[in-house]
Amino acid sequence: MTKLIGISALKEAIVASDGLLLATPEYNNSIPGVFKNAIDWLSRPPADIGRVFGGKPVAVLGASPGGFGTVLSQNAWLPVLRTLGTAPWHGGRLLVSRAGSVFDEAGRLASDTTNEQLRQFIEGFIAFVRRVRDLES
Numbered sequence: 004m005t006k007l008i009g010i011s012a013l014k015e016a017i018v019a020s021d022g023l024l025l026a027t028p029e030y031n032n033s034i035p036g037v038f039k040n041a042i043d044w045l046s047r048p049p050a051d052i053g054r055v056f057g058g059k060p061v062a063v064l065g066a067s068p069g070g071f072g073t074v075l076s077q078n079a080w081l082p083v084l085r086t087l088g089t090a091p092w093h094g095g096r097l098l099v100s101r102a103g104s105v106f107d108e109a110g111r112l113a114s115d116t117t118n119e120q121l122r123q124f125i126e127g128f129i130a131f132v133r134r135v136r137d138l139e140s
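Under this note's numbering, think of the first position of the sequence shown as 4, with each following residue one higher.
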């Protein structure tokens with residue numbers, strides 16, 4: 004029962020949010036199973052999908068130790084987001100590669116270049132969320 008309480012609380016947090024930012028790693032060239040499982044739980048019962056995800060602005064970003072960032076994982080999220088009826092933002096991508104060299108030992112982003120890319124990404128997503136919200140009003 005504890006899991007369901009946590010899922011219910013997370014659903015309500017998503018419903019109350021202006022947008023959803025998915026920060027994904029990439030495992031075996033795809034979506035991490037645990038992350039996908041969480042989204043699957045949030046989409047149950049199917050009658051809740053529209054209330055929780057319908058029209059919700061969503062952006063995906065990620066970091067991985069490999070040279071391609073999370074390009075395959077981010078692409079793998081697109082059919083999931085479409086199925087959930089979200090409003091994915093396609094105005095920018097943030098694919099942090101070689102994550103071990105851009106984060107310090109405490110897990111803080113230590114690369115000025117990546118910090119600037121993150122700032123621009125977040126600003127672009129915020130502008131998208133505002134446009135979607137204005138269209139709904």
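Using N, Cα and C, we set each Cβ at its ideal position, and we do this for glycine too. Please read all numbers here as calculations on a predicted model, not as lab measurements.
- The three-state reading of DSSP puts T27 in strand, counting E and B together.
- If you look at L97, you'll find it in the beta strand (DSSP E) that goes 97-99.
- The alpha-carbon of A12 is positioned some 30 angstroms away from that of N31.
- Burial of I34 is indicated by the presence of at least 16 other C-beta atoms within 10 angstroms of its C-beta.
- The residues L24, W92, F128, in chain order, have a CB closer than 6 angstroms to that of A62 in the same chain once the five nearest residues on each side in sequence are set aside.
- Residue environment: P60 is assigned as buried (16 or more neighbouring CB atoms within 10 Å of its CB, all protein chains considered).
- By the Cβ test, the stretch 80-87 is not in contact with the stretch 111-126, since fewer than three Cβ pairs between them sit closer than 8 angstroms.
- The alpha carbon of A102 has as its nearest neighbour, out of F71, I52, G88, Q77, the alpha carbon of F71.
- In this structure, the beta-carbon distance from A66 to V99 falls below 8 angstroms.
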